[in-house]
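Numbering (this note's numbering), first residue to last: 3 to 371. Before any comments, here is the structure.
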Amino acid sequence: MKRSRITLDWYPKIQALASARGQGPLQSAVREEGRITERHLAFLDLDEIYFSLERFKSERAWYNLSIEKQLLGDLLTDASWYVLYIPKEELEFRLFEQVRRWQEIAVTLLCKYCDRYYKLRKAEFEKDHLEYRSLNEDDDNFIDDYLFLIEQSRKDIVAKLEEIKTIIESGELRNFEFQGLTAIMFGRHLYQPLIYISSDLIEVRPVSLNEGERDFVFDLQEFCTENRTFFKDKELYLLRNMTRGHGIGFFEAGNFYPDFILWLLADDRQYINFVDPKGLRNLKGPDDSKIAFYKTIKTVEADLKEQDPSVTLNSFIISNTRLPEVTWWNGGMTKEEFEKRHVFFQQEDKDIYIARLLARALGRQEIWG
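Set out below in structure tokens:
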């Protein structure tokens, strides 16, 4: 907990409140750090904090986690496990209304502590039970059939679905679009087709790709088509990872189920990459567990090294949020800093991000290096 401290940045919250009041941006070039002291603790309602933590625990069904109320004060005043970014004046004793803010900060910090503590203990327990397994045709990630829900009168759509079925059975791989239905026939995906729906006329189960996932598959498909020489001595395979109960999830990253598993076979090694196209607006910044998973997964790799030292594990986020919308993270982040965290931008770098992702997967600066 102390080696990798929990970070809580209260500046965005303060800025949001200031904007709601019609005030301008905070005039602070450097973010200040603060901490909860014994003086703050005297004003806090520990009973309310305790019940908030109990609700947090129950929502996650962590029934085997015991929370002792008498330890909460000591945890809050021990700043060795957290970093709190907040203007100093927000922690000064000026107005009694600030107590509600301190209360909220205390609950947020302790919820983060519980989350980290529980996941560390669970990972510690599971460490000796992790193993690599070969993927087989019975895996839950494979789809035998899609179920399409269509108005009975739409015979034209039914006819097109039959046409797609015939194309698949013939072994022909070509993308197919009709009235908001896109069937993506990507030969390196482990089953055909992947489905994207942009029409209210059709529903499909299992759920179709979203727009970011569709664009990632298209971009990867285009890269494979245009860079055949790259694959002379390499193999690439893709598999859509299903959601809870079926696919591969990582409890240590907040029950994270990445959208795709991408295998790259090169130089007698197997690079297994978990790729998740997503928006960044709802994440909690660069320390969000889904982004930080690029580091966490290396711990999993180290734990499994004795089973197969030829396997490398990676995690990547493909952002469909544009860079200018998140450059405020961490006091101002460049594209290079995002890429060091295995975050690539799908819109700005449409023509190059796949190459950069594969280079990172192989541990190279450039894909042709």
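Where a beta carbon is used, it is the ideal one built from N, C-alpha and C, also for glycine.
(message) Output needed for His-42: all residues of its chain with C-beta closer than 6 Å, excluding positions within five of it in sequence on either side, in chain order.
(response) One-based indexing of the sequence shown puts residue 42 at position 40. The answer, listed in chain order, is Trp-104.
(request) In angstroms with no decimal places, state the Cα-to-Cα distance between Glu-34 and Asp-11. (result) Walking along the sequence shown from the start, residue 34 turns up at place 32. Walking along the sequence shown from the start, residue 11 turns up at place 9. Cα to Cα, Glu-34 sits roughly 10 Å from Asp-11.
(request) Put Arg-57 into one of helix, strand or coil per three-state DSSP. (result) Position 55 of the sequence shown, counted from the start, is the residue given in the question as residue 57. It is helical.
(request) Return the CA-CA distance between Val-2 and Ile-159, expressed in angstroms with no decimal places. (result) Any property of residue 2 remains undetermined from this structure, which presents the chain solely from 3 to 371.
(request) For Tyr-134, count neighbouring C-beta atoms within 10 Å of its own C-beta (all shown protein chains included) and say buried if the count is 16 or more, exposed if not. (result) Walking along the sequence shown from the start, residue 134 turns up at place 132. With fewer than 16 Cβ atoms within 10 Å of its Cβ, Tyr-134 is classed as exposed.
(request) Out of Glu-70, Lys-114, Tyr-193 and Asn-177, state which residue places its alpha-carbon closest to the alpha-carbon of Asp-290. (result) The residue given as residue 290 occupies position 288 in the sequence shown. Closest option to Asp-290, Cα to Cα, is Lys-114.
(message) Please tell me whether Asn-177 and Thr-168 are closer than 8 Å, where the distance is taken between their beta carbons.
(response) Sequence index remark: in the sequence shown, residue 177 carries index 175 (1-based). Sequence index remark: in the sequence shown, residue 168 carries index 166 (1-based). In this structure, Thr-168 does not lie closer than 8 Å to Asn-177 by Cβ.
(request) Quick one: grab the DSSP three-state call for Lys-307. (result) The residue labelled residue 307 in the question sits at position 305 within the sequence shown. If DSSP states are grouped into helix, strand and coil, Lys-307 belongs with coil.
(request) Indicate whether Tyr-193 and Phe-144 have their beta-carbon atoms separated by less than 8 Å. (result) Here residue 193 refers to the residue found at position 191 of the sequence shown. Here residue 144 refers to the residue found at position 142 of the sequence shown. Contact: yes.
(request) Identify every residue that forms a DSSP beta bridge with Ala-81. (result) What you label residue 81 is simply residue 79 of the sequence shown in a count that begins at 1. For Ala-81, which the question treats as bridged, DSSP gives no partner whatsoever.
(message) So, under 8 Å CB-CB, Arg-37 and Leu-86 are touching, yes? Tell me the CB distance rounded to an integer number of Å.
(response) Start at 1 with the first residue of the sequence shown, and residue 37 comes out as number 35. Start at 1 with the first residue of the sequence shown, and residue 86 comes out as number 84. Their Cβ separation, rounded to whole angstroms, is 6 Å, which keeps Arg-37 and Leu-86 in contact under 8 Å.
(request) Leaving out five residues on either side along the sequence, give the residues of the same chain with a beta carbon under 6 Å from the beta carbon of Asp-130. (result) Counting from one through the sequence shown, the residue named residue 130 turns up at place 128. Cβ neighbours of Asp-130 beyond the five flanking positions: none.
(message) Once the 5 residues before and after Leu-285 are set aside, which same chain residues still bring their CB inside 7 Å of it?
(response) As a working mapping, residue 285 is identified with position 283 in the sequence shown. Lys-292 and Ile-293.
(request) Classify Trp-12 as helix, strand or coil using the three-state DSSP reduction. (result) By 1-based counting over the sequence shown, the position of residue 12 is 10. The answer is coil: DSSP assigns Trp-12 none of H, G, I, E or B.
(request) Identify whether His-191 lies in helix, strand or coil by the three-state DSSP scheme. (result) Position 189 of the sequence shown, counting from 1, holds the residue named residue 191. Three-state result, His-191: strand.
(request) Could you pull out every unbroken beta strand (DSSP E) segment of at least 3 residues lying fully inside the stretch 267-309, listed in chain order? (result) 271-280
(request) Please state whether DSSP places Gly-36 in a helix, a strand or coil. (result) Position 34 of the sequence shown holds residue 36. Looking at Gly-36 - three-state DSSP - the assignment turns out to be strand.
(request) Find the nearest neighbour of Asp-278 within the set Glu-237, Thr-9, Ile-263 and Lys-342, judged by alpha-carbon distance. (result) By one-based count along the sequence shown, residue 278 stands at place 276. The candidate whose alpha carbon is nearest that of Asp-278 is Ile-263.
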